[in-house]
Amino acid sequence: MEINLLSNETEQALVSGILGKVGTYLERYEGLENPLGIISQREATERLEITYPTIRRWEARGLKRYTPPIADTKTVYYKITDLLAFLGVDE
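Under my numbering, think of the first position of the sequence shown as 1, with each following residue one higher.
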């Protein structure tokens, strides 16, 4: 005997919503591919749709930042794998 907890319409809406979220995640994840494996702070904030203060809080909580060993360089980079690990994304 099969027990249906949700109506067919509700179940279909739920499945469609989940598939949409998974599709969005996959598009964003694939968009982070980079042959060097690094991403600039500006690009990271744009792609992840977060603000500068948010990424600074992430750094305070353990996200490692990388800067070139050149005097007066203001560009900050992150390893993509570090970002994904920080966000709890398993590869």
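Backbone N, C-alpha and C fix where the C-beta goes; we use that ideal spot for every residue, glycine too.
Cβ shell of residue i (< 7 Å), same chain only, five flanking positions each side left out
i: E59; result: R65
Chain-order list of residues whose beta-carbon lies under 8 Å from that of residue i (same chain, five-residue window excluded)
i: T75; result: S40, Q41, T67 and P68
i: R57; result: none
i: L6; result: L14
i: L63; result: I55, Y78, D82, L83 and F86
i: Q12; result: none
Chain-order list of residues whose beta-carbon lies under 6 Å from that of residue i (same chain, five-residue window excluded)
i: N8; result: none
- Message: Report the start-end ranges of each alpha helix (DSSP H) in the segment 20–87 that is 4 residues or longer and not cut off at the edges.
- Response: 41–48, 52–60 and 80–86
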